[in-house]
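If you use the numbering used here, the sequence shown corresponds to residues 143 to 267, in order.
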Amino acid sequence: MEEGRIKVKPPMEVADEGCGEWENTLVGYFLGQKLPYSAVNSIAHKIWGKEGLIEVLSSDNGFFFFKFEHHEGMCSILDRAPWHMANRPLVLKKWHPTLSFQSSSTPSPIFTQGVTLSSNQTTAR
143 MEEGRIKVKP PMEVADEGCG EWENTLVGYF LGQKLPYSAV NSIAHKIWGK
193 EGLIEVLSSD NGFFFFKFEH HEGMCSILDR APWHMANRPL VLKKWHPTLS
243 FQSSSTPSPI FTQGVTLSSN QTTAR
């Protein structure tokens, strides 16, 4: 028990099997206000369905999980970034077991025509 919560450590083979379920998954979050799940699910299936998108999940803290049938389809989406949905920038990363799902106040990079500006450089002065 840690901080009043029960902590369970599964055997390595169980953890490996669980990780395999997520190996073709992208994790995304919106810069600014997030979109409702129903909108993200509908848009993602329309634009990524032909790339093998099979499921969209969401978390309470604003992250979306895009599960793909094949590694190639998932990589195709990453290779064609940046993405927007309903005019909101969507940051995508490949899922991995140690990925942190904490909101951060760290400025997010914005990529434009080969120039990188941090978000604190884009405000009007």
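We treat Cβ as the ideally placed atom computed from N, Cα and C, and that holds for glycine.
**Prompt:** Where L199 and F210 are concerned, what is the direct C-alpha to C-alpha distance, given to the nearest angstrom?
**Reply:** Cα to Cα, L199 sits roughly 12 Å from F210.
**Option in L220, M216, N166 and H238 with minimal Cα separation from E193** = Cα-wise, what sits closest to E193 is M216.
**Prompt:** Roughly how many whole angstroms lie between the Cα atoms of P251 and K149?
**Reply:** Only weak support is given to the placement of P251: the predicted model assigns it a pLDDT of 49, under 50, and the question is left unresolved by the model.
**Asked** Taking the DSSP output, what are the residues bridged to Y171?
**Response** Beta-bridge pairing links Y171 to V233.
**Asked** Going by other Cβ atoms of all chains shown within 10 Å of its Cβ, with 16 needed for buried, is E144 buried or exposed?
**Response** Counting Cβ neighbours within 10 Å, E144 comes out exposed, since fewer than 16 surround it.
**Asked** Measuring CB to CB, does W237 end up less than 8 Å from W164?
**Response** A contact, by the Cβ cut-off of 8 Å.
**Prompt:** Is it the case that the CB of C217 approaches a heavy atom of the ligand ZN more closely than 7 Å?
**Reply:** In the structure shown, the ligand ZN is absent, as is every other ligand, since no ligand is present at all.
**Prompt:** Taking the continuous alpha helix (DSSP H) assigned at I148, which residues delimit it?
**Reply:** From DSSP, I148 is part of no alpha helix (DSSP H); its letter is neither H nor E.
**Request:** State the DSSP-derived secondary structure class of S201, mapped to helix, strand or coil.
**Result:** In this structure, S201 counts as coil in the three-state DSSP scheme.
**Message:** For E144, list the residues DSSP reports as bridge partners.
**Reply:** Beta bridge pairing from DSSP links E144 with R147.
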